[in-house]
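Visitor:
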Amino acid sequence: MSSIVVLQMGNSFASYATGEGLNRQGAKSKMGKLLQVIKIDGKKLEFRAPLRVRDLLACYPNCYVGAFREATQPLPLGYKLKIGKTYYLLPSSADTSDVKQRKADAKRQIKVVISKQQLRRLLLNEISIGDVLFEDDKRACGAHDSSTAWTPTLASIPEVSESL
1 MSSIVVLQMG NSFASYATGE GLNRQGAKSK MGKLLQVIKI DGKKLEFRAP
51 LRVRDLLACY PNCYVGAFRE ATQPLPLGYK LKIGKTYYLL PSSADTSDVK
101 QRKADAKRQI KVVISKQQLR RLLLNEISIG DVLFEDDKRA CGAHDSSTAW
151 TPTLASIPEV SESL
């Protein structure tokens, strides 16, 4: 079933019909006379008149218009969408890049437990906080001096031969 939706943008009106209810013959005859914009969910917006990208994006602020589905560059806002062509309304990646940027800029706090001796050395500027963290990191990872090689603590188990 097709439906017609009227959008008011400023003092102009734009109408479009979803393409779900068009039959095959109608779709073929109308295809050359319509401007199609396919949304990310697969729904089609069909326009009977040319439309500028900025007018379309007024209703979809977090999106951009691409000439093909894998478009990485958005069409300019002043670009006039042409009748008979198909365009794609894609989600803007600016939102995700903002989140990534905020995560990169975020300060991180860590809690470090140090001995009194390490604290004294830090306060006297004998060692830096990086040295303390590196020492703790080596201990946490199980790094050890190669001169103190590991030896098993279990006593060996004697073999018993079974006689028949």
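Residue 161 in full-length UniProt numbering is what sits at position 161 of the sequence shown, and the numbering runs on without skipping anything.
For each residue, glycine too, the CB sits at the ideal point set by N, CA and C.
Since we're looking at a predicted model, the values are computed, not measured.
(1) I'd like the span of the alpha helix (DSSP H) that includes Val160, first residue to last.
(2) Determine the burial state of Glu70: buried for a count of at least 16 other Cβ atoms within 10 Å of its Cβ, exposed for fewer.
(3) Within the same chain, show all residues whose beta-carbon is closer than 6 Å to that of Arg54, passing over the 5 residues directly before and after it, in chain order.
(4) My output table needs one value for Glu70: the three-state DSSP class, helix, strand or coil.
(5) Just the C-alpha distance for Tyr88 and Ala58, rounded to the nearest angstrom, thanks.
(6) Applying the criterion that 16 or more other CB atoms from any shown protein chain within 10 Å of the CB defines a buried residue, is Leu119 buried or exposed?
(7) Using 7 Å as the cut-off, classify the Cβ of Pro76 as near or not near the heavy atoms of the ligand MG, replying yes or no.
Guide: With the given structure in hand:
(1) Stepping through the sequence shown from its first residue, residue 160 is reached at position 160. Neither: Val160 is in no alpha helix (DSSP H) and is coded neither H nor E.
(2) Position 70 of the sequence shown holds residue 70. Its Cβ having fewer than 16 others within 10 Å, Glu70 is exposed.
(3) Residue mapping note: residue 54 aligns to position 54 of the sequence shown, counting from 1. Taken in chain order, the residues that qualify are Leu77.
(4) For the purposes of this step, residue 70 is identified with residue 70 of the sequence shown, where counting begins at 1. DSSP places Glu70 in coil when its eight states are reduced to three.
(5) Position 88 of the sequence shown holds residue 88. Position 58 of the sequence shown holds residue 58. Rounded to the nearest whole angstrom, the C-alpha separation of Tyr88 and Ala58 is 15 Å.
(6) Along the sequence shown, read from residue 1 onward, the residue named residue 119 stands at position 119. Exposed, by the Cβ-count rule.
(7) Among the ligands in the structure shown, none appear at all, so the ligand MG cannot be discussed.
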